[in-house]
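Scroll down for the structure; my scribbles are underneath it.
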Amino acid sequence: MSADGMDDYEEEEFGFSRNYFLAKELGGSRKKSANKLSDIDVVDEQELRAAAAEIEGKHEKEIKRLLAEYRSSYSYWLFELRCGFGLLMYGFGSKKALLEDFASAALLEYSVVVINGYLQTVNLKQVVITLAELLWEQLKAKRKTASGNLNKVQQPFSSRTMDDLLAFLNGTHADEKDDFICVLIHNIDGPGLRDSETQQYLARIASCTHIRVVASIDHINAPLLWDKKMVHTQFNWCWYHVPTYSPYKVEGIFFPMVLAHGGAAQATKTAALVLQSLTPNAQSVFKVLAEHQLAHPDEEGMPVNDLYTVCRERFLVSSQVTLNSHLTEFKDHELIKTRRDSDGRDCLHVPLTADALEKLINDINL
Amino acid sequence: MAEAPDDEFSPETFSGTFESNIQPFFVLHKALARKVEKKAPAASAGKARRKIDLSPAKLRHCEGIEGGCGDGENERCMERLRMEAFDSVWSKIESTIQDVLKKFNVNLFDDIFQWVCESFEAINVCQTSRHVKANRSYPIITDAASKKISIGLVLTKNLDFVDDLLTFRDLGVHLKSHGCHVANLSSLDFSAKAGIGGCLKIMLRQFLMISSDAADISVLAAWYSEQGLSKPMVIIIDDMERCCGSVLADFILTLSEWVLKLPIVLVVGVSTTIDSARKLLPSNVLQYFSPSKFMLGSPAEKMDAIVEAVLVKQCSGFNIDYKVAAFMRSYFLRQDGTLTSFIRALKIACVQHFSRQLISKGLSTLFLVEDTLGMPFDMRSPLPEAMLKNKVVERTGEKFSHALAESTRRKNYWSSVLLCLHEAGKSDNIQLLDLFCEALDPEFHKFVASDKNTNLERELGAKMSSDYCVYPQSFKKNGFIRQAVNSVRDLHETQLSQILENWERHTADLDEINEKVKELRSIISDEGKGSLQESINASRRITSRSNLNMGKETANEKAASLIKSLVREYMRPFEELHCFENADNLQSALIGDPRRQIQVDLLDVQKILKCNCCSKKGTILLPTMHDTSILYTLAQEHGDLINLHDWYHSFKTIINPVVNEKNKKKKSGTPKKRKARDEEPASISEATIQARFCRAVTELQITGLLRMPSKRRPDYLQRVAFGL
Numbered sequence: 001m002s003a004d005g006m007d008d009y010e011e012e013e014f015g016f017s018r019n020y021f022l023a024k025e026l027g028g029s030r031k032k033s034a035n036k037l038s039d040i041d042v043v044d045e046q047e048l049r050a051a052a053a054e055i056e057g058k059h060e061k062e063i064k065r066l067l068a069e070y071r072s073s074y075s076y077w078l079f080e081l082r083c084g085f086g087l088l089m090y091g092f093g094s095k096k097a098l099l100e101d102f103a104s105a106a107l108l109e110y111s112v113v114v115i116n117g118y119l120q121t122v123n124l125k126q127v128v129i130t131l132a133e134l135l136w137e138q139l140k141a142k143r144k145t146a147s148g149n150l151n152k153v154q155q156p157f158s159s160r161t162m163d164d165l166l167a168f169l170n171g172t173h174a175d176e177k178d179d180f181i182c183v184l185i186h187n188i189d190g191p192g193l194r195d196s197e198t199q200q201y202l203a204r205i206a207s208c209t210h211i212r213v214v215a216s217i218d219h220i221n222a223p224l225l226w227d228k229k230m231v232h233t234q235f236n237w238c239w240y241h242v243p244t245y246s247p248y249k250v251e252g253i254f255f256p257m258v259l260a261h262g263g264a265a266q267a268t269k270t271a272a273l274v275l276q277s278l279t280p281n282a283q284s285v286f287k288v289l290a291e292h293q294l295a296h297p298d299e300e301g302m303p304v305n306d307l308y309t310v311c312r313e314r315f316l317v318s319s320q321v322t323l324n325s326h327l328t329e330f331k332d333h334e335l336i337k338t339r340r341d342s343d344g345r346d347c348l349h350v351p352l353t354a355d356a357l358e359k360l361i362n363d364i365n366l
Numbered sequence: 001m002a003e004a005p006d007d008e009f010s011p012e013t014f015s016g017t018f019e020s021n022i023q024p025f026f027v028l029h030k031a032l033a034r035k036v037e038k039k040a041p042a043a044s045a046g047k048a049r050r051k052i053d054l055s056p057a058k059l060r061h062c063e064g065i066e067g068g069c070g071d072g073e074n075e076r077c078m079e080r081l082r083m084e085a086f087d088s089v090w091s092k093i094e095s096t097i098q099d100v101l102k103k104f105n106v107n108l109f110d111d112i113f114q115w116v117c118e119s120f121e122a123i124n125v126c127q128t129s130r131h132v133k134a135n136r137s138y139p140i141i142t143d144a145a146s147k148k149i150s151i152g153l154v155l156t157k158n159l160d161f162v163d164d165l166l167t168f169r170d171l172g173v174h175l176k177s178h179g180c181h182v183a184n185l186s187s188l189d190f191s192a193k194a195g196i197g198g199c200l201k202i203m204l205r206q207f208l209m210i211s212s213d214a215a216d217i218s219v220l221a222a223w224y225s226e227q228g229l230s231k232p233m234v235i236i237i238d239d240m241e242r243c244c245g246s247v248l249a250d251f252i253l254t255l256s257e258w259v260l261k262l263p264i265v266l267v268v269g270v271s272t273t274i275d276s277a278r279k280l281l282p283s284n285v286l287q288y289f290s291p292s293k294f295m296l297g298s299p300a301e302k303m304d305a306i307v308e309a310v311l312v313k314q315c316s317g318f319n320i321d322y323k324v325a326a327f328m329r330s331y332f333l334r335q336d337g338t339l340t341s342f343i344r345a346l347k348i349a350c351v352q353h354f355s356r357q358l359i360s361k362g363l364s365t366l367f368l369v370e371d372t373l374g375m376p377f378d379m380r381s382p383l384p385e386a387m388l389k390n391k392v393v394e395r396t397g398e399k400f401s402h403a404l405a406e407s408t409r410r411k412n413y414w415s416s417v418l419l420c421l422h423e424a425g426k427s428d429n430i431q432l433l434d435l436f437c438e439a440l441d442p443e444f445h446k447f448v449a450s451d452k453n454t455n456l457e458r459e460l461g462a463k464m465s466s467d468y469c470v471y472p473q474s475f476k477k478n479g480f481i482r483q484a485v486n487s488v489r490d491l492h493e494t495q496l497s498q499i500l501e502n503w504e505r506h507t508a509d510l511d512e513i514n515e516k517v518k519e520l521r522s523i524i525s526d527e528g529k530g531s532l533q534e535s536i537n538a539s540r541r542i543t544s545r546s547n548l549n550m551g552k553e554t555a556n557e558k559a560a561s562l563i564k565s566l567v568r569e570y571m572r573p574f575e576e577l578h579c580f581e582n583a584d585n586l587q588s589a590l591i592g593d594p595r596r597q598i599q600v601d602l603l604d605v606q607k608i609l610k611c612n613c614c615s616k617k618g619t620i621l622l623p624t625m626h627d628t629s630i631l632y633t634l635a636q637e638h639g640d641l642i643n644l645h646d647w648y649h650s651f652k653t654i655i656n657p658v659v660n661e662k663n664k665k666k667k668s669g670t671p672k673k674r675k676a677r678d679e680e681p682a683s684i685s686e687a688t689i690q691a692r693f694c695r696a697v698t699e700l701q702i703t704g705l706l707r708m709p710s711k712r713r714p715d716y717l718q719r720v721a722f723g724l
């Protein structure tokens with residue numbers, strides 16, 4: 001790899017491995033494209049979202065056939081669950097529907113609790129309380145007359161500690177090993193469950209005698225969440241490669257759209273809106289700043305004193321106080337930022353790329 | 001048979017609850033009451049009955065079901081049989097493994113118990129001498145000597161602590177059964193986050209059997225005095241090096257303050273070296289240490305013991321073929337290296353065997369194995385025809401059991417010879433698993449079969465060089481069996497006689513071999529005596545030594561030719577009637593490879609979807625293909641950074657080729673392509689294209705194959721995976 005664009009610190013961060021792989025893959029150097037995202041004429045975000053909701057599926061027939069094929073494995077899956085294993089489904093495509101269909105078709109004899117790991121937060125304590133209540137109900141129904149440790153519930157599950165609840169789920173309440181609650185975890189590697197503490201709890205839940213876990217992962221690095229203890233003794237995974245190619249409809253809800261968010265176009269639009277609400281003088285001050293930035297792309301920004309001088313010359317401001325009030329306004333709307341240059345002077349700059357800035361100036365017709 | 005009803009897949013079943021679930025969790029459904037009633041009687045019987053109950057009545061019931069009732073009932077019946085077969089086999093394997101481990105650790109456990117008792121005594125002596133002080137509510141101890149806390153450092157010789165979790169649990173059980181109060185703490189309990197309070201709480205919970213919110217050690221003291229002060233208290237920590245050092249230090253300091261009132265003894269697992277405690281803990285803690293050292297058996301020995309008990313000897317009737325054995329070996333050596341995972345692999349193999357292979361084969365062989373092994377079985381004949389459709393089994397019971405008896409006999413010989421080989425190879429650190437795999441290898445079988453006749457003559461004049469002919473090229477360098485045979489030659493006299501003794505033990509039930517071994521032993525011992533006699537008589541040392549060497553050489557040589565002939569005679573291939581063969585299935589269940597597979601899913605969609613629209617054109621991207629797949633394939637053309645703009649435009653060109661028709665015509669004007677293009681609606685709105693692009697990017701982001709643009713570099717996405 002030739003050294004193009006080595007100025008970023010990120011470059012250093014991934015430099016070694018990337019260089020290695022690219023040298024292998026691309027063989028030679030390659031010019032980095034300079035095209036900008038702002039060149040794409042991005043439609044309005046609302047329109048984009050509306051269009052996204054109406055995307056037609058491709059290969060629906062084939063996907064349906066694929067899912068039907070997996071149906072023939074349900075009995076194996078059930079068998080493995082009953083033998084004490086957990087099922088871990090991976091492969092491209094949303095597996096939400098597949099897992100729920102499995103539960104509805106093959107796990108009718110067991111209570112099933114679904115956890116949506118793709119959501120931002122999941123309260124595991126609540127889940128465990130629900131599991132304990134379900135198990136309690138199940139055991140109670142099973143032996144109304146039987147004596148034993150079931151009779152005494154000292155306190156409601158909701159006020160017990162996690163350890164107590166897990167101990168209850170891990171108890172030997174029934175003679176039959178086949179008496180379990182199935183926990184279906186969509187995206188066990190999802191944002192709501194990804195931290196290590198949660199994974200430890202999930203592992204402890206999975207290792208309980210009365211719990212079996214069926215989970216799905218989508219991230220290529222998901223196995224890094226677990227150590228050997230969790231994999232071999234707690235989750236006890238049986239892996240299944242079940243690509244579905246179904247769209248990640250629900251799973252993708254919380255992801256920002258790449259063309260709609262954070263892009264220069266969006267930033268320009270926001271900035272333009274803010275500027276239009278300001279006085280013409282303020283707009284002119286901003287323009288001075290922007291022009292300076294475009295003319296001196298390598299500098300840290302425009303020193304405040306220089307800005308004052310230029311603005312005074314153009315009769316845009318009469319005093320430092322007026323300028324400061326404009327600047328405060330800009331700062332509040334995040335139109336400008338301050339940083340120090342090598343001489344220690346405070347410099348102002350607009351946190352937009354050159355293209356976006358140019359576009360912005362054109363847009364507001366200054 | 002095992003397949004679920006293959007009805008048309010109804011979309012309703014999939015879309016039923018699809019959109020509604022934005023809640024973090026919910027109960028999908030509760031267990032059907034039907035199950036509870038139905039299963040209850042089976043449950044009571046299930047536990048007690050370890051053997052498969054194929055009583056004629058039951059079978060007739062199943063037959064009747066098959067004849068008259070629906071498939072569902074039949075399926076259910078089959079399922080139950082499968083499960084019972086699995087339970088029966090696996091419980092045998094499991095208990096065998098447990099026995100092996102118990103036997104393996106028993107001496108160490110006894111030693112530890114002994115040491116615990118001694119430490120307890122020592123504390124008691126100390127305590128009585130300071131009786132007055134100890135009676136205070138808070139024992140104030142001033143001199144460091146009486147704050148000493150006994151710590152048993154158990155060297156696990158194994159960096160993978162998974163295997164030792166079980167050992168420490170067993171140790172806990174062992175000590176409990178000998179009357180100690182035991183708390184098993186894990187290294188996770190000593191986390192910086194939970195702090196000293198966390199581990200004290202867990203300790204209290206384990207000793208007191210109730211949970212308390214207060215992490216107050218005086219509660220424990222009160223409890224202990226209620227218990228009568230007569231038993232030692234042991235705290236077991238599985239892996240010291242994984243604990244947070246400062247928390248562990250606090251914990252030990254606290255315990256040492258209380259040691260007179262609470263005679264606590266610590267047993268701590270150490271996976272590296274004995275001085276790791278010095279690195280982990282500050283010196284003010286170390287001064288209270290009164291350490292002792294214990295050694296666990298090495299993982300390799302444990303592995304050998306388990307392979308011997310489970311795979312080589314027939315403990316359950318469950319066998320694996322060469323491919324599976326080779327896979328499990330490489331999985332153990334390269335992938336994971338823990339015994340736990342090896343046992344897990346075996347269990348998955350067992351599960352797959354009983355859930356996927358024809359029920360007839362599994363069940364029939366199982367019961368016949370039991371039969372021939374001389375265990376009672378209530379279903380000798382007639383065979384349950386309804387269940388056992390396999391042709392092999394349809395022979396008469398007598399014939400079959402005869403064949404099976406023969407097979408079992410041969411397997412016994414085979415196993416014994418293998419164990420003898422292992423005894424021989426022990427001096428060279430040859431693992432049993434390696435020998436086992438090699439002995440199962442069809443190549444090796446081929447060799448043994450072809451070699452048998454041609455080499456007998458050569459064998460008569462066997463010298464050191466001859467065994468180079470015995471083994472074909474492939475076994476020359478890496479062959480463990482050959483190595484094991486060879487190592488017999490280099491053994492010292494005492495080692496040799498030890499090995500012969502072991503051989504005799506291994507072949508005790510097999511008269512043919514046993515005779516030969518005994519014969520050899522007597523010859524060797526005679527020779528040994530003879531040469532000894534000679535050496536005494538001889539006037540010159542040189543002579544006697546050469547005589548001794550001569551004697552040794554011949555004895556070793558004889559032993560080597562014996563084992564060689566045994567290998568040739570008894571390690572012939574034999575048809576395993578009943579063994580698990582599907583290594584691929586096992587591998588896919590055991591090793592998920594999402595990083596690779598997800599990329600393959602995206603790059604090779606057609607192989608999985610098998611659609612007609614995209615499959616014809618091989619590598620060329622077509623608009624009909626899955627959006628994300630198109631996008632990811634396009635991403636392959638970029639380097640580490642993907643220019644969003646370029647990427648978007650190439651995506652747009654693919655999915656909406658009408659726009660760029662003019663440009664495209666020059667490049668690829670194949671009729672197929674044009675046709676595909678014609679099928680596509682003439683214009684896709686810009687918004688739709690952008691939305692499809694966005695969704696595809698999001699999907700790639702969900703799979704983790706992409707990093708989103710950073711503030712610093714808003715026009716570029718970063719690729720994460722390079723190559724499969």
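Sequences listed follow chains A and B, in order. Residue 177 in the UniProt record's numbering sits at position 177 of the first sequence, with consecutive numbering throughout. Residue 416 in the UniProt record's numbering sits at position 416 of the second sequence, with consecutive numbering throughout. Virtual Cβ for every residue (Gly too), placed ideally from N, Cα, C. These numbers come from a predicted model, not from an experiment.
Interface criterion not met: the Cβ of Leu631 (chain B) is under 8 angstroms from no Cβ in chain A. Chain order gives no chain A residues near Ala215 (chain B), where near means a beta carbon separation below 8 angstroms; the closest approach is about 13 angstroms. In the three-state reduction of the DSSP assignment, Arg482 (chain B) falls in the helix class. Here Ile689 (chain B) really is in contact with Asn656 (chain B); their C-beta atoms are around 6 angstroms apart, less than 8 angstroms. Distance from the Cα of Val485 (chain B) is smallest, within the candidate group B:Ile264, B:Cys243, B:Val267 and B:Ser565, for B:Ser565. Runs of the alpha helix (DSSP H) spanning 4 or more residues and lying entirely within the region 303-363 of chain B occur at 322-330 and 339-356, in chain order. Taking 8 angstroms as the threshold, the shortest C-beta distance from Asp715 (chain B) to chain A falls below it.
One Cα belongs to Gly84 (chain A), the other to Asn236 (chain A), and the distance between them is close to 8 angstroms. Under DSSP, Val214 (chain A) shares a beta bridge with A:Leu87 and A:Leu184. Under the three-state reduction of DSSP, Thr494 (chain B) is assigned to helix.
Under the Cβ distance rule, Lys229 (chain A) counts among the residues neighbouring chain B, one pair being separated by less than 8 angstroms. When DSSP states are grouped into helix, strand and coil, Thr703 (chain B) belongs to the coil group. A residue is called buried when at least 16 other Cβ atoms come within 10 angstroms of its Cβ; Met571 (chain B) meets this threshold and is buried.
The secondary-structure analysis by DSSP pairs His29 (chain B) across a beta bridge with A:Val112. Flagged as an interface residue toward chain B: Cys238 (chain A), by a C-beta distance shorter than 8 angstroms. Around Gln200 (chain A), the beta-carbon contacts reaching into chain B at under 8 angstroms are Leu188. For Arg169 (chain B), the secondary structure class from DSSP, reduced to helix, strand or coil, is helix. Contact check for Ile115 (chain A) and Ile185 (chain A): beta-carbon distance about 5 angstroms, within the 8 angstroms limit, so the pair qualifies.
When the beta-carbon positions are compared, Tyr245 (chain A) and His59 (chain A) come within less than 8 angstroms of each other. Distances from the alpha-carbon of Ala192 (chain B) to those of B:Ala249, B:Ile217 and B:Gly228 put B:Ala249 closest. For Tyr74 (chain A), the three-state secondary structure derived from DSSP is helix. Apart from the 5 residues on each side of it in sequence, Leu255 (chain B) sits with its Cβ closer than 6 angstroms to the Cβ of Ile149 and Ile264 in its chain, given in chain order. DSSP places Trp115 (chain B) in the helix class (H, G or I) of the three-state scheme. In this structure, DSSP gives Gly197 (chain B) a helical state, which the three-state scheme calls helix.
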